[in-house]
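Worksheet: one structure, shown below.
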Amino acid sequence: MFKSLIPPPIEMVRRVGRLLILCGLVGVVAGLGAIAFYWMLEFTKHYALGAIAGYYPPGPGGEAPLFPEGSVPFHRWMLLFIPAVGGLVSGLIVYTFAPEAEGHGTDAAISAYHFKRGEIRGRIPLIKTIASAITIGTGGSGGREGPIAQIGAGFGSLLGKVLRLSTHERRILMAAGMSAGIGAIFHAPLAGALFAAEVLYKEMDLEYEVIVPAIISSVIAYAVFAVRFGWNPLFQTPGFVFENPAQLIPYFFLALVVAGGAALFIQIFYGVRDYFRTIPVPNHIKPAIGGLIVGVIGFFLPDALGTGYGVVQEAFAGRPGILLLVAIAFAKMLTTSFSIATGGSGGVFGPSVVIGGALGGAI
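Numbering-wise, this note's numbering puts 427 at position 303 of the sequence shown, and it's gapless, one number per residue.
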């Protein structure tokens, strides 16, 4: 008689139960990592932009400032150089200790999932955390989701390696770590879980096996993060009410504009990346060059620096003018490209939210 290739029910239940418990542990660590990264980012921003340049960019309505604003007057000219210094420090750290930590981070996690048996070097999350906090905290335009996704994915991979789990189980833990980081840092656990299941593929497909583990880890990570920083959503939004089907007409027009903006952003981002890969300059220095260009843009339009979530919050309130919102959207495409595509460390999903929010506010 041939042995069945399907494991006995008790063995299957034991495996699934162990995996879900490990996903919960990944969620706890990802939540703690999100707390540490958020604090480091705010600390760097407070002292690099606030204490030195006197610039305190507004934040989203759902997050209270961790540090009080100082009385330093605004020195606009300092914005020309602070992003360059941050890019230089970040580039030296990344390319000296972990070159895989450059860029927006999500692509590295996807590559590890598909082509490296779910294995991420243990030092990557630490280097990514430090480098991203420096890049974004000194005015570089980047999102928080790329770094925290790699932090969660890195711990999931490390845990699977320590416990000598199979490649399949290690990949699930890695995806669960990605979702946990996203769910915590964006105050959106369900969105984090779906993000991790969907972002792994280029086409419109889902990794259905990671959805339940991702939901568990994401909810736990969000709870850990919210215990420290509150349970509010990231943005405070007005009470939207859908009353008339005719309202869908301007939304259709908005979809076309945002899709065009997204296509333009992709062209700019990868065009900058490809160009900087060809210039004969050491990789350690390229983020500093990008930071200098970001500083020039930020000198004229400071709202294009940092995460830019305050712009979206202001757009909800309808305060910025149409031309200013369009200028911020285009400038954000440039500052994000020169911050991240040149080798800096940070995410691109967050800037995409700001670009879309600014275009939506303008429309």
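Note that the Cβ used here is the ideal one computed from N, Cα and C, for glycine as well.
Since the structure is predicted, the reported quantities are computational estimates derived from the model, not experimental observations.
Inter-segment contact for the segment 166-180 and the segment 336-350 is absent: fewer than three beta-carbon pairs are separated by less than 8 Å. Between T431 and R288, the gap from beta carbon to beta carbon reaches 8 Å or more. Note on the segment 376-440: whole alpha helix (DSSP H) runs with a minimum of 4 residues are 410-424 and 433-440, in chain order. Counting of Cβ neighbours within 10 angstroms places L372 among the exposed residues, the total staying below 16.
Annotation: the continuous alpha helix (DSSP H) that includes Q274 extends over E269 to V286. Taking 8 Å as the cut-off, the Cβ atoms of T259 and S290 do not count as close. Counting along the chain, Y237 sits inside the alpha helix (DSSP H) bounded by residues T230 to F239. Here DSSP, grouped into helix, strand and coil, assigns G148 to helix. DSSP places R294 inside the alpha helix (DSSP H), whose first and last residues are T291 to I309. Secondary structure at G468: coil, using DSSP grouped into helix, strand and coil. Boundaries of the alpha helix (DSSP H) around R352: I335 to F353.
Bounds of the alpha helix (DSSP H) holding G261 are I248 to G261.
Proximity to I464 across P189, L297, V286 and A257 peaks at A257, based on C-alpha coordinates.
Classified as buried, M457 has 16 or more neighbouring CB atoms from the shown chains inside 10 Å of its CB. For I244, no alpha helix (DSSP H) run applies, since DSSP gives it neither H nor E. G185 counts as buried, since no fewer than 16 other beta carbons sit within 10 angstroms of its beta carbon. Rounded to the nearest whole angstrom, the CA to CA distance from A428 to N356 is 25 Å.
Exclusion of the five residues before and after G480 leaves V382 as the residues of its chain whose Cβ lies within less than 6 Å of its Cβ.
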